[in-house]
Amino acid sequence: LKTVFNDLVRLEIEVWNAVDTRLKKDLDLPLTHYEPMTVIDRLPGCRVYDIAAELIITTGGASKLVDRIEANGHCRRLPNPADRRSSLLELTPVGERLLQKARVTVDDELQIRLGSVIPERTLRQFAGTLSRLRAASPHIADEAIA
Numbered sequence: 185l186k187t188v189f190n191d192l193v194r195l196e197i198e199v200w201n202a203v204d205t206r207l208k209k210d211l212d213l214p215l216t217h218y219e220p221m222t223v224i225d226r227l228p229g230c231r232v233y234d235i236a237a238e239l240i241i242t243t244g245g246a247s248k249l250v251d252r253i254e255a256n257g258h259c260r261r262l263p264n265p266a267d268r269r270s271s272l273l274e275l276t277p278v279g280e281r282l283l284q285k286a287r288v289t290v291d292d293e294l295q296i297r298l299g300s301v302i303p304e305r306t307l308r309q310f311a312g313t314l315s316r317l318r319a320a321s322p323h324i325a326d327e328a329i330a
């Protein structure tokens, strides 16, 4: 299990770094901005809290990321009619165009790093295994606390 853990963590770091480097080189967009932008794009009525929950980061960290993305002109905060204490987030037209380009870049880099190395059937099985592990993780944490 220690070997699996070490390999999994190091693979994640290697793939993250490769995708981040490529996004920065091709589009001047760090992966740390791309990830929240995909959440904003996918979730209508997205809030900072939603980004934090989706990316498993603190709300404060997500807020700082949104501040940076907003400062770059890629998203904007809108009043939340249901909760005056929070804002709704949306991508700007510039952010939408950048995200479209970034998705192509990310897909290409993932194909190079993963898709070209692992047969499709194996990759689907691996994806299923990762999904099961992630789905079980909160339940395991709850049992450890109890």
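Residue 185 is where the sequence shown starts when you use the working numbering, and the numbers rise one by one after that.
Backbone N, C-alpha and C fix where the C-beta goes; we use that ideal spot for every residue, glycine too.
Because the structure is a prediction, the values reported are computed rather than measured.
Buried versus exposed, by CB contacts within 10 Å (16 or more), residue i
| i | result |
| --- | --- |
| Leu207 | buried |
| Pro141 | Beyond the ends of the chain as shown, which are 185 and 330, falls residue 141; an answer cannot be given. |
| His217 | buried |
| Glu327 | exposed |
| Leu185 | exposed |
| Gly312 | exposed |
| Arg318 | exposed |
| Ala237 | exposed |
Residue i versus residue j: straight-line alpha-carbon distance, rounded
| i | j | result |
| --- | --- | --- |
| Ile224 | Arg281 | 14 Å |
| Leu273 | Ile235 | 10 Å |
| Val193 | Leu314 | 13 Å |
| Pro303 | Phe310 | 10 Å |
| Glu293 | Pro322 | 30 Å |
| Pro277 | Asp204 | 22 Å |
| Leu213 | Ala202 | 13 Å |
| Leu298 | Val199 | 9 Å |
Rounded Cβ spacing between residue i and residue j (contact assumed at less than 8 Å)
| i | j | result |
| --- | --- | --- |
| Leu239 | Cys259 | Their Cβ separation, rounded to whole angstroms, is 15 Å, which puts Leu239 and Cys259 out of contact at 8 Å. |
Query raised in the report: Where in the stretch 229-280 do unbroken runs of the beta strand (DSSP E), each at least 3 residues long, occur, reported from the N-terminal end onward?
Result: 259-263 and 271-275
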